[in-house]
Ligand SMILES: NC(=O)c1ccc[n+]([C@@H]2O[C@H](COP(=O)([O-])OP(=O)(O)OC[C@H]3O[C@@H](n4cnc5c(N)ncnc54)[C@H](OP(=O)(O)O)[C@@H]3O)[C@@H](O)[C@H]2O)c1
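Residue numbers (this note's numbering): 765 to 930.
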């Protein structure tokens, strides 16, 4: 099972025009510290949203694209979920974090059992959204931090777990 990490606003907004809605230094640090040393899985558009379109340092970067000609230095390219599964085999001891964007969160949510969601108490103008996890009975919030602030922004670190039913 994979884990997922995202920063979402009050309407589950996650991005606009191919970029993040905001950048909160403590949340960026949380993301870096949580994912460093592990495997990150992202969509091609999210990779291209990074500075210089470069992969994240000190992590195994797996990028999903349907374009058979796409390649990028320092990343493992996969074209579907079967290829993703194969690409993860060499890393049985590492955590795998789904890091977005919208299409990848939607497609891989079912394969995740843990979600680290930074909830920003604000409504942004967004064009990319996270699934409405609070409306999914199998997902439960097991942790919510104290209120965090960054200038006039209020946000919370939360952790969700999926109830595995057999
Ligand atoms: N707030 C957060 O935590 C957070 C995190 C990450 C991203 N974001 C934001 O989310 C937005 C991007 O989301 P997005 O949905 O537009 O883009 P995305 O999910 O990052 O990338 C979409 C691309 O991934 C590829 N793809 C998707 N499903 C695939 C599959 N099953 N097999 C193979 N390839 C697949 C396709 O690439 P090709 O077109 O090359 O075929 C598709 O165009 C941006 O605004 C970004 O800043 C926010």
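Glycine included, C-beta positions come from ideal geometry on N, C-alpha and C. These numbers were taken from a predicted model, which means no experiment stands behind them.
Exclusion of the five residues before and after residue 905 leaves 922, 924 as the residues of its chain whose Cβ lies within less than 7 angstroms of its Cβ. In this structure, residue 890 lies near residue 779, with their beta-carbon atoms less than 9 angstroms apart.
Cβ neighbours of residue 830 within its own chain (closer than 7 angstroms, five residues either side excluded): 843. Within the stretch 778 to 836, the complete alpha helix (DSSP H) runs of at least 4 residues fall at 789 to 799, 808 to 813. With respect to the 9 angstroms criterion, residue 913 and residue 767 are not classified as neighbours on the basis of their beta carbons. Burial is judged here by how many other beta carbons sit within 10 angstroms of a residue's own beta carbon; residue 771 has at least 16 and is buried. When DSSP states are grouped into helix, strand and coil, residue 911 belongs to the coil group. For residue 838 and residue 855, the gap between their C-alpha atoms comes out near 16 angstroms. A heavy atom of ligand 1 is found nearer than 8 angstroms to the CB of residue 807.
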